[in-house]
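Numbering (our numbering), first residue to last: 843 to 1112.
All C-beta atoms, glycine included, are put in the ideal place defined by N, C-alpha and C.
This structure is a prediction, so every number in the text was calculated from the model and none was measured.
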């Protein structure tokens, strides 16, 4: 498994759970100095960070890009894959396709979290799931054509009424023709929704393609009550080898949060 830390470059989501903010070069340099393997990026658009500059920073720091987030599509533009308006759904697919292309340029998968949307007023849960599946189907194939996987994230009940647990996520992905979509196991969301985090990880098995490393209160690991040893063992039991990425609040400040994260990573995975 490989360590990863988040960097957000979107001022509109300044209160969100990302360790580093605003300055990509500084964030990557600090992450490299602490010994992280990669960074996960949250950008406004594909053009927010020119690929040639990003590749140079990767070369200079030795870091990989663990994943790129797509949430700006909802936060800034109100786009989701389950909007009742077909034109908006098409715009959401197009936005995510562009983010997939951006990620693929540095061999990183894109993550679909908040852009999955909800079953809103006048839309049945079944209909919303159908639209979500259609979007994931098309986007999974697009990601495959670009040589990367697509990551889908179950969220807790306060953020979506669609898919909240890993087991339901597995059922959704198994219904697709594409086999290029994987699940994001976010420990914060799982702490709310899962009866047993280790059991849900074991049941999801090879469907897990990314892990968000945050404590029960969304602070860095060690700032809440998440019991990590059994979770780590479960990830090892299913053969998980990809990124363990700190999508956590920069508490009490970014530098302290980053140090606590890498120390916790080494404690549990080292």
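inquiry  = Between the segment 960-978 and the segment 918-929, can you find at least three pairs of beta-carbon atoms closer than 8 Å?
reply    = Flag = yes, the segment 918-929 and the segment 960-978 touch.
task = Report buried or exposed for residue 895, applying the criterion of at least 16 other Cβ atoms within 10 angstroms of its Cβ.
result = exposed
query = With a Cβ-Cβ cutoff of 7 Å, do residue 946 and residue 905 count as a contact?
reply = no
key: Residue from 1031, 961, 939, 1015 whose Cα sits closest to the Cα of residue 987   = 939
ask   = Does DSSP put residue 935 in a helix, in a strand, or in coil?
value = helix
message = Rounded to the nearest angstrom, what separates residue 1000 and residue 1036 at their Cα positions?
response = 14 Å
message = At the level of alpha carbons, what is the spacing between residue 874 and residue 867?
response = 11 Å
ask   = Using a Cβ-Cβ distance under 7 Å, would residue 1080 count as near chain D?
value = In the displayed structure, chain D is absent; only one protein chain is listed.
Residues that DSSP places opposite residue 906 in a beta bridge = 880
task = Assuming residue 1043 contacts residue 1073 (C-beta within less than 8 Å), just tell me the rounded distance between them.
result = 7 Å
task = Compute the Euclidean distance between the alpha carbons of residue 1104 and residue 899, then round it to the nearest angstrom.
result = 20 Å
query = In terms of residues, what are the limits of the beta strand (DSSP E) holding residue 845?
reply = 844-850
Meets three-Cβ-pair contact criterion under 8 Å: the segment 1093-1107 and the segment 844-861 = yes
request  = Go ahead and label residue 853 buried or exposed: buried means 16 or more other beta carbons lie within 10 angstroms of its beta carbon, across all protein chains shown.
outcome  = exposed
query = To the nearest whole angstrom, what separates the beta carbons of residue 1024 and residue 984, a pair I think is in contact under 8 Å?
reply = With 8 Å as the limit, residue 1024 and residue 984 do not qualify as a contact, their Cβ atoms being about 15 Å apart.
query = Using the C-alpha atoms, what's the distance from residue 1018 back to residue 910?
reply = Taking the CA atoms as reference points, residue 910 sits about 23 Å from residue 1018.
inquiry  = The beta strand (DSSP E) that contains residue 1028, what's its start and end?
reply    = 1023-1028
key: Distance between residue 968 and residue 1109 (C-alpha atoms, nearest Å)   = 43 Å
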